[in-house]
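Engineer:
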Amino acid sequence: MLKIAVLGAGRIGKIHAANIAASPLATLVAIADPYFDNALQLAKLYGTNAVKDPLELINDREIDAVVIATPTDTHVDLMLAAARNGKAVLCEKPVDMDLDRARRASEELATLQVPVMVAFNRRFDPSAQQIRQAIVRGEVGEVHQVMITSRDPGFAPVDYLRHSGGIFRDMVIHDFDMARWLLGEEPVSVYASGSRLLNPALAEFNDVDTCMVQMVTASGKQCHINCSRQAVYGHDQRLEVYGSAGMLLNDNMRASSVRRFTHQLTEAREPLVNFFLERYADAYRHEMDAFIQAATGAQPVPVTAWDGVMALKLAECAQRSVESGKPVSVD
7 MLKIAVLGAG RIGKIHAANI AASPLATLVA IADPYFDNAL QLAKLYGTNA VKDPLELIND
67 REIDAVVIAT PTDTHVDLML AAARNGKAVL CEKPVDMDLD RARRASEELA TLQVPVMVAF
127 NRRFDPSAQQ IRQAIVRGEV GEVHQVMITS RDPGFAPVDY LRHSGGIFRD MVIHDFDMAR
187 WLLGEEPVSV YASGSRLLNP ALAEFNDVDT CMVQMVTASG KQCHINCSRQ AVYGHDQRLE
247 VYGSAGMLLN DNMRASSVRR FTHQLTEARE PLVNFFLERY ADAYRHEMDA FIQAATGAQP
307 VPVTAWDGVM ALKLAECAQR SVESGKPVSV D
């Protein structure tokens with residue numbers, strides 16, 4: 007049984023704790039959070055230990071692995087401390103707000119030869135997995151275009167956004183990772199446009215709430231990402247992959263698949279699932295399963311720290327493109 011500690015008792019920490027507790031291959035041994043009441047409350051739920059300082063668990067030789075669900079500015083230090091102590095690591099995105107710092111951390115982590123995984127959970131969504139497997143099998147031939155729609159159901163609090171690193175590092179970074187994964191090639195050029203259509207106050211910290219991104223790989227493959235902080239009809243998450251032999255696409259999740267036809271309307275359906283923890287509940291479970299397999303050596307790490315660096319690089323290029331109004335080369 008892999009002994010895992012969760013660092014951070016917020017909403018993501020709670021999801022990871024639940025999935026560890028439900029795994030037949032792992033044991034949830036402790037929760038750490040500087041807000042000790044949060045750690046204590048979550049620990050009581052699963053009959054485990056609570057501490058205030060994450061380093062106490064990182065330095066505990068009885069613990070095999072840690073899940074880092076703490077604020078972004080703590081990620082690098084905690085990842086490195088855990089890996090230097092020989093612990094497997096699952097860390098929430100992004101690796102860091104600063105690309106150079108993230109790159110240096112990734113380079114050191116590679117030398118430590120400890121399983122370190124970045125939590126891009128959308129790769130583990132069942133429909134995304136099926137699309138990826140179909141690409142690998144050649145069902146669409148050569149991939150020509152990837153289209154990604156990513157719209158949140160509700161606008162995040164401005165205080166959160168103030169410290170989020172901006173829409174590209176905080177939200178679209180998931181889509182940058184998906185683009186790399188589905189294209190099978192690294193983008194070499196990024197062009198992005200951004201607008202403040204929902205909240206003009208974002209200008210205070212140079213952020214936008216609505217954006218589009220165009221990317222091209224060296225061979226000419228294309229990716230389009232459209233993103234919004236607020237879709238009034240629910241969590242809108244769709245993928246489309248077009249290739250020389252066909253097309254793949256997925257649909258949104260709803261509480262019910264029933265469609266209604268009356269004299270007043272046709273094709274009426276239930277609203278989309280309205281929260282990312284519901285939309286990606288299966289993805290979080292599969293992600294934890296993959297981490298446990300990697301931590302025990304049964305499978306390779308599916309999403310590396312370097313993947314986190316590359317997604318962050320694309321986010322930075324997109325931000326520079328918005329500011330300059332020009333395409334940016336990915337160097």
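Numbered per this note's numbering, the sequence shown spans residues 7 to 337.
Ideal Cβ positions, reconstructed from N, Cα and C, are used throughout, including at glycine.
For a quick check, are the C-beta atoms of V95 and G14 less than 9 Å apart?
Structural biologist: Here residue 95 refers to the residue found at position 89 of the sequence shown. Here residue 14 refers to the residue found at position 8 of the sequence shown. Contact: no.
Engineer: Tell me whether N258 is buried or exposed, calling it buried when 16 or more other Cβ atoms sit within 10 Å of its Cβ.
Structural biologist: On the sequence shown, position 252 is the one that residue 258 refers to. Buried is the call here.
Engineer: Report the option in S133, S327, R175 and D242 whose CA atom is closest to the CA atom of H6.
Structural biologist: This structure does not reach residue 6, given that the chain is present from 7 up to 337, and the question cannot be answered.
Engineer: Nearest to Q305 by alpha carbon, out of A32, P121 and D43?
Structural biologist: What you label residue 305 is simply residue 299 of the sequence shown in a count that begins at 1. Looking at the Cα atoms, P121 is the closest of the given residues.
Engineer: Since A75 and K58 are thought to touch, with beta carbons under 8 Å apart, how far apart are those beta carbons, to the nearest angstrom?
Structural biologist: Taking the first residue of the sequence shown as position 1, residue 75 is located at position 69. Taking the first residue of the sequence shown as position 1, residue 58 is located at position 52. Not quite, the Cβ-Cβ distance comes to about 15 Å (not below 8 Å), so this is no contact.
Engineer: Taking 9 Å as the cut-off, decide whether the C-beta atoms of L63 and A36 are in contact.
Structural biologist: As a first step, residue 63 is located in the sequence shown; it is residue number 57 there, counting from the start. As a first step, residue 36 is located in the sequence shown; it is residue number 30 there, counting from the start. For L63 and A36, yes; Cβs fall inside 9 Å.
Engineer: Indicate the three-state DSSP secondary structure (helix, strand or coil) for N232 in the structure shown.
Structural biologist: For this step, residue 232 is matched to residue 226 along the sequence shown. Three-state DSSP puts N232 in a strand.
Engineer: Taking a contact to mean a Cβ-Cβ separation below 9 Å, would you say T346 touches E246 in this structure?
Structural biologist: Missing from the structure shown is residue 346; the chain here goes from 7 to 337 and no further.
Engineer: Note down the Cα distance separating T78 from V264, rounded to an integer number of angstroms.
Structural biologist: Position 72 of the sequence shown holds residue 78. Position 258 of the sequence shown holds residue 264. Cα-Cα distance, rounded: 40 Å.
Engineer: Could you please give me the residues that DSSP links to C217 through a beta bridge?
Structural biologist: Looking up residue 217 in the sequence shown gives position 211. Paired residue(s): G200 and C233.
Engineer: Just how far apart, CA to CA, sit Q243 and S234?
Structural biologist: Sequence index remark: in the sequence shown, residue 243 carries index 237 (1-based). Sequence index remark: in the sequence shown, residue 234 carries index 228 (1-based). Cα to Cα, the separation comes out at about 11 Å.
Engineer: Just checking my contact of V336 with L320 at CB under 8 Å: how many whole Å lie between their CB atoms?
Structural biologist: Within the sequence shown, the letter at position 330 stands for residue 336. Within the sequence shown, the letter at position 314 stands for residue 320. Sure, about 7 Å apart at Cβ, within 8 Å.
Engineer: Beta-carbon within less than 6 Å of Q151's beta-carbon, same chain only, minus the 5 sequence neighbours each way: which residues are those?
Structural biologist: Here residue 151 refers to the residue found at position 145 when the sequence shown is read from its first residue. If we look at Q151 and ignore the five residues flanking it on each side, its Cβ neighbours are Q228 and Y248.
Engineer: For E145, which residues in the same chain have their Cβ closer than 6 Å to its Cβ, ignoring the five residues on either side in sequence?
Structural biologist: Looking up residue 145 in the sequence shown gives position 139. No residues qualify anywhere along the chain.
Engineer: Can you check the region 29-94 for any beta strand (DSSP E) of at least 3 residues that lies completely inside it and give the ranges in chain order?
Structural biologist: Counting whole runs of 3 or more residues, the region 29-94 contains the beta strand (DSSP E) stretches 32-38, 55-57 and 71-74.
Engineer: Checking the sheet assignment: what are the DSSP bridge partners for D242?
Structural biologist: On the sequence shown, position 236 is the one that residue 242 refers to. Answer is R157.
Engineer: To which residues does DSSP link V149 through a beta bridge?
Structural biologist: Numbered from 1 along the sequence shown, position 143 holds the residue referred to as residue 149. According to DSSP, which records beta bridges pairwise, V149 is partnered with G249.
Engineer: Is the Cβ-Cβ distance between A116 and C97 less than 9 Å?
Structural biologist: Taking the sequence shown and counting its residues from 1, the one referred to as residue 116 is at position 110. Taking the sequence shown and counting its residues from 1, the one referred to as residue 97 is at position 91. Not closer than 9 Å, so no.
Engineer: From the DSSP output, read off the bridge partner residues of P97.
Structural biologist: Counted from its first residue, the sequence shown places residue 97 at position 91. In the sequence as presented, Pro is not what sits at residue 97; that position holds Cys. Paired residues: I74 and V124.
Engineer: Going by DSSP in three states, P206 sits in which element: helix, strand or coil?
Structural biologist: Here residue 206 is taken as the residue at index 200 of the sequence shown, counted from 1. Helix.
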